[in-house]
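Report on the following structure.
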Amino acid sequence: MRTSQLLLPTLREDPGEAETVSHRLMLRSGLIRKVAAGIYTYLPLGLRIIRKVESIIRQEMNRAGAQELLMPVASPAELWRETGRWDFYGKELMRFKDRHERDFCLGPTHEEVITDLFRREVRSYRQLPLNFYQIQTKFRDEIRPRFGLMRGREFIMKDAYSFDADEAGARASYQKMYDAYHRIFTRCGLTFRAVEADTGLIGGTSSHEFMVLADTGEETVVYTETGTYAANVERAELLPPGDDSTEERRPLRPVNTPNCRTVEEVTKFLKIDPSRLVKTLLYTAGDQTVAVLVRGDHDANEIKIRRILGVTEVELAGQAVVEKLTGAPVGFAGPVGLKGVRVIADHAVKTTRNVVVGGNQADTHYVDANWDRDFQVEQFADLRNARAGDPSPRKDGVLKTTKGIEVGHVFMLGTKYSQSMKASFLDPSGKECFAVMGCYGIGVGRTAAAAVEQNHDDKGIIWPFPIAPFHVHLLPLGESPTVKETTSRLYAELETADFEVLLDDRDERAGVKFNDADLIGAPYQVVVGEKGLASGAVEMKIRRTGEKIKLAPADVPGTLLDLSRAFRTPNA
RNA sequence: CGGGGCGUAGCGCAGCCCGGUAGCGCACUGCGUUCGGGACGCAGGGGUCGGAGGUUCAAAUCCUCUCGCCCCGACCA
0 MRTSQLLLPT LREDPGEAET VSHRLMLRSG LIRKVAAGIY TYLPLGLRII
50 RKVESIIRQE MNRAGAQELL MPVASPAELW RETGRWDFYG KELMRFKDRH
100 ERDFCLGPTH EEVITDLFRR EVRSYRQLPL NFYQIQTKFR DEIRPRFGLM
150 RGREFIMKDA YSFDADEAGA RASYQKMYDA YHRIFTRCGL TFRAVEADTG
200 LIGGTSSHEF MVLADTGEET VVYTETGTYA ANVERAELLP PGDDSTEERR
250 PLRPVNTPNC RTVEEVTKFL KIDPSRLVKT LLYTAGDQTV AVLVRGDHDA
300 NEIKIRRILG VTEVELAGQA VVEKLTGAPV GFAGPVGLKG VRVIADHAVK
350 TTRNVVVGGN QADTHYVDAN WDRDFQVEQF ADLRNARAGD PSPRKDGVLK
400 TTKGIEVGHV FMLGTKYSQS MKASFLDPSG KECFAVMGCY GIGVGRTAAA
450 AVEQNHDDKG IIWPFPIAPF HVHLLPLGES PTVKETTSRL YAELETADFE
500 VLLDDRDERA GVKFNDADLI GAPYQVVVGE KGLASGAVEM KIRRTGEKIK
550 LAPADVPGTL LDLSRAFRTP NA
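Mapping to numbering that gives the first Met the number 0: the first sequence position 335 is 334, numbers consecutive.
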C-alpha cells in the first residue's frame, strides 16, 4: 500500500480530547476519529488492526470447535422480556420503536437471540455440545464512555455461546474457551492474566476476566506472588480474620466531635488510626434500608453487599433517609442505639475492639464501642474490597494489587437462560433437559487499545507483529532514480515474501517520514536513501529496540523473514 | 445522574474579567530555495467565535436558556 492512496491523517500534536496513551496515539496515528461520545469511525489503518485481531480470534475460535454465525444487531423486546432483561438491563440498553410502535433494542449482548435459535433448532443430546460465535457490533449506552476504543457505546465484540448436555460438558466447553483466550491474547502480543470475576449483568455461576496488565486499566486486580490466586477486587473474597485480640474492653463513652464527619476528620481529631474506627454506611435497596459496618480503613464493596442482601441494586441512602433514621446529620450515623434497620458488618468489625462509631447525634461519636456489648449485628460477612497486604483466600500468601484492562470475559451461565427461555433437548432416556450454557466475550477494539497501552514509547506505537497494520514501513528519501528503483524493487520483493508493506511515497522531508513511521509503529522500517545506497546499503530499523542494521537491498527480505519468523507461525 | 472543566479556522491554543475592525502556531494552496530525524522565504485561502434569546449605539466578551464534548465517581468487552 502506498501512503498516497491511503487516508492517513497523522497529527503532530496531541488532540485535546484524549488523555490516555492509547486514545492519544490512536487519534494521532490516524487510526480512529470520533463521531459522537463513545462512537468512532475506524479509518483505513485502524480497520486493518481490527481485522488482524478479528482474524486471530476467528482462527482460535474455529480451532476450539466453535462455529461462526452472525446475529442481527436489532432484536425484538419480546425475547428480552422472556428473560426479564428488558427491565433489568436498564438505561444501558439502547431501545427504539419501529414504525408500528413495536419495541426493539440494539443488542448489547446476545444470550436471548442465540438461546432462541437453539430452542427452535436443537432437539437432541446427539447434537450437543454446540458452540456458536460471532464478531459483531454491540451497543451499550454506557454511563460514561471514555478513553477512545477502551469504552465505547458502540463497539466490536466477539461473543460466543456454548450449549452442553450437563455441567461436566459445560465445564469442558468453558475450559476450551479459556484456553483459546490464552492463545488469542498471547498471539496479540499482550501481557495479561486471567482472574476470577463477578458475573454482573450477564449473570451465571462463575466467571474469569482476562486482564491486560496496564497502569491505565480501569480495573483493580488482586493476586498472590505465587500465582495461585488472582481476582478482580470487586470479586476477591476475604476470609474472616482470626480473633487474637487480647485487648481489654473499655467502657463505652460519648465524645464531642465538632464538625467531624468523615473518617479522616474524626480520626485526625481523636488522634486515632482509621482502623480503630467503624463507619456506618446506610444503604437503600428497594424499600429497605440496611446499615453496613465497615472499618474506617476499609472500602465497602457494593457487589458483596448486593449479594448478601439478595438484591440487584443498592445505593447509599440520601440525606433525608439518614436524618430520619439516625436523628442526626449525615456523618454521625452509628450502630449504638440505631433502630429500625438491619445491621450487617464486615468480618473485620468483629475482631476489632474498642472502636469509634458515630453517635447518632450531631457532633458526637462514641469511643470504645464493642459489638458484642454495645450494639447488635445481625450478620457478619465479607463486605469490603480486598487491598494489598490482605491475606489470600487460598492461604497462599499476601495479596498484591495491580491495574488491568478487561479484554475478555468468560462465564459459566448454567441454565439461567435456557430455563427462562425453555431451551431444552431430550437426553438418551427421553427426558427433557435444559441446556447448560456458557458465554464468552472479547472486546476487539479494546484489545487493540490495550495493545497500544502495553506497546508504545514517547515516539508512538510499537505494534506487536501479528496485529500490526503493516509489517514493514518502506521509507524512500528523495527522488533520485536509484532510490526510486531500489524502493520499487524492494516493495515488490517484500510483498512476494508475504509482508504487508506501507510505502511512504509522499514528497516529505526525512524527518517527517521518520516521525510518522515511529508514530504509526510498524515493527520494521526500511530506509532507502542515496547516502546509504552510495555504499550499497539500505537501513533497516527495528521499531521496538531502535536497533538499526545496514543491509544490501537484496538481503532485506531474507533478514526480515528471519526476524519475524516466530510471529508468523501462529500455533508455535 | 451528581461533582469539576471546555466549546474561537482542519488540529493545538490566545483573546472573554475590563464590550469597540477576530488573532497566533501547525496544517492547507501557489512560486522559489532546501532535502537522512517534524526546513526556509514570498504570496495566499479558510472562522455565522457550539446554538437560541436578551441587555447595549455596539457582544467572542455581559445575562438567560439550550446542545455538544472532556475529566472524577456508581456500570462493562
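Quick reminder that beta carbons are idealized off the backbone N, C-alpha and C, glycines included.
Note that this is a predicted model, so its numbers are computed, not measured.
Kindly indicate which three-state DSSP category residue i falls into: helix, strand or coil?
| i | result |
| --- | --- |
| D373 | helix |
| M436 | strand |
| I307 | helix |
| A509 | helix |
| E625 | Nothing can be reported for residue 625, as the shown portion of the chain is limited to 0 through 571. |
| F87 | helix |
| M411 | strand |
| D456 | strand |
| F117 | helix |
| P552 | helix |
| S391 | coil |
| A571 | With a pLDDT of 42 at A571, under the threshold of 50, the predicted position of this residue should be treated as unreliable, and no value is reported. |
| I49 | helix |
| M93 | strand |
| E12 | coil |
| I461 | coil |
| D561 | helix |
| M70 | coil |
| N300 | coil |
| R27 | helix |
Taking the C-alpha atoms as reference points, what is the distance between residue i and residue j?
| i | j | result |
| --- | --- | --- |
| A76 | D102 | 5 Å |
| S28 | T401 | 29 Å |
| A447 | L550 | 32 Å |
| P390 | E301 | 21 Å |
| E16 | A36 | 11 Å |
| Y228 | I404 | 18 Å |
| A571 | R98 | In this prediction, A571 scores a pLDDT of 42, lower than 50, which makes its location untrustworthy; no coordinate-derived value is stated. |
| D381 | H346 | 6 Å |
| K338 | L324 | 7 Å |
| T580 | G285 | The requested residue 580 does not occur in the structure, where the chain is confined to residues 0 to 571. |
| T266 | D272 | 6 Å |
| E507 | L5 | 15 Å |
| P334 | V356 | 7 Å |
| L212 | N231 | 12 Å |
| Y160 | V500 | 37 Å |
| L148 | G358 | 48 Å |
| Q58 | V471 | 23 Å |
| V291 | D426 | 47 Å |
| T585 | P552 | This structure cannot speak to residue 585, because the chain is shown only from 0 to 571. |
| A196 | E208 | 6 Å |
| G83 | T225 | 42 Å |
| E18 | R150 | 13 Å |
| P239 | V34 | 50 Å |
| P572 | G168 | There is simply no residue 572 to check, as the chain begins at 0 and stops at 571 in what is shown. |
Report the CB separation of residue i from residue j in whole angstroms; it is logged as a contact under 8 Å.
| i | j | result |
| --- | --- | --- |
| R249 | N353 | 5 Å |
| I155 | I49 | 6 Å |
| F469 | A521 | 5 Å |
| L281 | A316 | 4 Å |
| R542 | Y523 | 7 Å |
| T256 | F268 | 6 Å |
| G396 | I441 | Rounded, the Cβ-Cβ distance is 31 Å, inconsistent with contact. |
State yes or no: is the C-beta of residue i within less than 8 Å of the C-beta of residue j?
| i | j | result |
| --- | --- | --- |
| V321 | A332 | yes |
| R118 | A422 | yes |
| Y439 | M176 | yes |
| L518 | L473 | no |
| L562 | A496 | no |
| F379 | K349 | yes |
| L592 | G528 | An answer regarding residue 592 cannot be provided, because it is not within the stretch 0 to 571 covered by the chain. |
| V443 | T215 | no |
| K137 | G106 | yes |
| M539 | K530 | no |
| S206 | T198 | yes |
| A449 | P463 | no |
| L68 | F131 | yes |
| P328 | A368 | no |
Legend entry - Ordered list of alpha helix (DSSP H) runs contained in the stretch 155 to 199, each at least 4 residues: 166 to 186
Legend entry - In chain order, each alpha helix (DSSP H) run of at least 4 residues that lies wholly inside the stretch 313 to 360: 318 to 325, 346 to 349
Inset, instruction - Within the stretch 221 to 295, note down every full alpha helix (DSSP H) run reaching 4 residues or more, in order along the chain. - result: 262 to 269
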